Every structure is written in C-alpha cells, then in structure tokens.
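Below you'll find the structure, written out as structure tokens, and then a few comments.
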Amino acid sequence: MWKTLTLISVSILLFSCKTYTITPESFKEQFATIEYDESYSKSVLSGPIYYNGYVIKNIKVITKEGNLKVLDNDPALEMRVTLKNGKRKIIYFDSMKLEHDTLKGSKARFFSKLITKVPFSEVTKIEIQESGKKIKYVNN
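Residue numbers for the sequence shown follow this note's numbering, so the first one is 44 and each next one is one higher.
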C-alpha cells in the first residue's frame, strides 16, 4: 500500500513539472553581461517572506519539442546544472549569478548562506524547471 502511494506521489511530482533546456553557450550569452539588481526579491508563502535574490526579467529556453520559448522569471523556477563529472547542482533561478566565469546561486530558498559555486567551464547541460511550487512575487 505505502509503496503504491509513494510511487503515485513521485510520479505526480515528476510529471507535473515542466522542464526546459538551454545550452551553456546560450546561457552565457544571455547572462554574461546582465546588470543584476541586488535588491531583495519578495515572495509570499503564508505571509510575506523576504529573501535575497536578483531581479532577472526572463530567460530564453528550448522546449522538449525543440521550440524557443521565453520564460518570465518566477520564484518557482529552478536550475539543474549538470557538470562534466556527471554530478548535478540545483540552484534557484532568481538567486543565480554568472560572475567571472563562475556560476553562483542559492540551493535553498531561506538559507541564503548555502551558496553553490560552479566553474562555468565544467557545465555541460542546463535545465530550467517550473517546479509548480505556489510561490509568487509581491509588488514593492
């Protein structure tokens, strides 16, 4: 019984998220010269919760069908970065910053000290996932 419920829960989580890809070259082209707004981003879970983030407007990605799509920034966007050694790093998209050929970002929303740093030369694949989490920005 528990195995069936676990399998159903995992399946719902896996198939309810949309995943897009972006080549490392395209990513670098889009973000190497971006002006990051270092202000606080704001999100709402069960009341206003503030966290450090960058105001990034959007990102151009490729759908599973191979079509170009522009995704607007959203606090529920997550980046999954695959490295040459096969390891994966997960970073919240609005915490990401490409700086001096190093990709930096937070792997936890409310523990901003948990920063992931990845040499961009080690990146082989970048996926952007709409996680389906019910987190939204609020206006200033």
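All C-beta atoms, glycine included, are put in the ideal place defined by N, C-alpha and C. Here the structure is a predicted model, which means the values were calculated and not measured.
- Query: If you draw a straight line from the alpha carbon of residue 63 to that of residue 111, how long is it in whole angstroms?
  - Reply: 10 Å
- Mind checking which residues open and close the alpha helix (DSSP H) that includes residue 69? 67 to 74
- Query: Between the stretch 155 to 168 and the stretch 104 to 118, do three or more beta carbon pairs fall short of 8 Å?
  - Reply: no
- Rounded to whole angstroms, what's the CA-CA distance from residue 146 to residue 127? Just pull it up for me. 14 Å
- Message: Please report the straight-line C-alpha distance between residue 65 and residue 170, rounded to a whole angstrom.
- Response: 6 Å
- Message: Please tell me whether residue 114 and residue 103 are closer than 9 Å, where the distance is taken between their beta carbons.
- Response: yes
- Helix, strand or coil for residue 173 per DSSP? strand
- Item | Member of 142, 168, 129, 173 whose CA lies at the smallest distance from the CA of residue 136 | 173
- residue 129 to residue 75 span [Cα, whole Å]: 24 Å
- Message: Output needed for residue 167: all residues of its chain with C-beta closer than 6 Å, excluding positions within five of it in sequence on either side, in chain order.
- Response: 125, 127
- Query: Once you ignore the five residues that flank residue 151 on each side, which residues in its own chain have a CB closer than 7 Å to its CB?
  - Reply: 157
- Message: Short of 8 Å in beta carbon distance, which residues of its chain neighbour residue 101, apart from the five on each side in sequence? Order them along the chain.
- Response: 113, 114, 115, 116
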